[in-house]
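**Q** Below you'll find the structure I mean.
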Amino acid sequence: TALSPDANDLTLAATHLAALRRGERIEKPVYRHESGTHGTPEVVTPTGVLFVTGLLGFATPELAEQFDVRVFLDPDPELWAQWKRAR
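Taking the working numbering, I'd label the letters of the sequence shown as residues 5 to 91.
The following block contains the structure:
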């Protein structure tokens with residue numbers, strides 16, 4: 005499933021975060037939840053502060069080491085389900 009680290013390109017995510025840390029622009033893949041396909045990549049230009057959200061940010065050492073500050077939120081299961089349905 006999409007929740008599995010094996011179903012995601014975490015190497016690309018780590019590479020993109022490293023590039024952003026160096027001040028480089030990236031073209032981030034955009035996943036369409038409604039169709040299970042990818043849309044047009046989104047250009048991301050680094051700024052002084054970058055917030056990254058997602059379920060797998062700490063899934064690999066290469067990815068986790070890209071963050072200066074790490075915060076894990078553990079929402080109530082019903083709230084999490086509402087977010088998932090809204091997405």
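We put the CB at the ideal spot given by N, CA and C, even for glycine.
Have a look at GLU31 and ALA85 and give me their C-alpha separation to the nearest angstrom.
**A** Within the sequence shown, numbered from 1, the residue matching residue 31 stands at position 27. Within the sequence shown, numbered from 1, the residue matching residue 85 stands at position 81. For GLU31 and ALA85, the distance between alpha carbons rounds to 29 Å.
**Q** If you draw a straight line from the alpha carbon of GLN70 to that of LEU60, how long is it in whole angstroms?
**A** If you number the sequence shown from 1, residue 70 lands on position 66. If you number the sequence shown from 1, residue 60 lands on position 56. C-alpha separation (whole angstroms): 13 Å.
**Q** With 16 as the cutoff for other CB atoms within 10 Å, does LEU7 come out buried or exposed?
**A** Residue 7 sits at position 3 when you count from the first residue of the sequence shown. Flag for LEU7 reads exposed.
**Q** Please state if the CB of THR49 and the CB of ARG74 are separated by a distance shorter than 7 Å.
**A** Within the sequence shown, numbered from 1, the residue matching residue 74 stands at position 70. Within the sequence shown, numbered from 1, the residue matching residue 49 stands at position 45. No. Outside cutoff.
**Q** Looking at ALA18: is its Cβ nearer than 7 Å to the Cβ of LEU54?
**A** Counting from one through the sequence shown, the residue named residue 18 turns up at place 14. Counting from one through the sequence shown, the residue named residue 54 turns up at place 50. No, these two residues do not count as a Cβ contact at 7 Å.
**Q** Using a Cβ-based criterion (distance less than 6 Å to any ligand heavy atom), does THR41 qualify as near the ligand NAD?
**A** The ligand NAD is absent from the structure shown, which contains no ligands of any kind.
**Q** Taking the DSSP output, what are the residues bridged to THR64?
**A** As a position in the sequence shown, residue 64 is number 60, starting the count at 1. According to DSSP, which records beta bridges pairwise, THR64 is partnered with nothing at all.
**Q** Would a C-beta distance cut-off of 7 Å place VAL56 and GLY43 closer than the cut-off?
**A** Within the sequence shown, the letter at position 52 stands for residue 56. Within the sequence shown, the letter at position 39 stands for residue 43. Against a cut-off of 7 Å, the Cβ pair of GLY43 and VAL56 comes out as no contact.
**Q** So the alpha helix (DSSP H) HIS37 belongs to, where does it begin and stop?
**A** What you label residue 37 is simply residue 33 of the sequence shown in a count that begins at 1. That residue, HIS37, is in no alpha helix (DSSP H); it is neither H nor E in DSSP.
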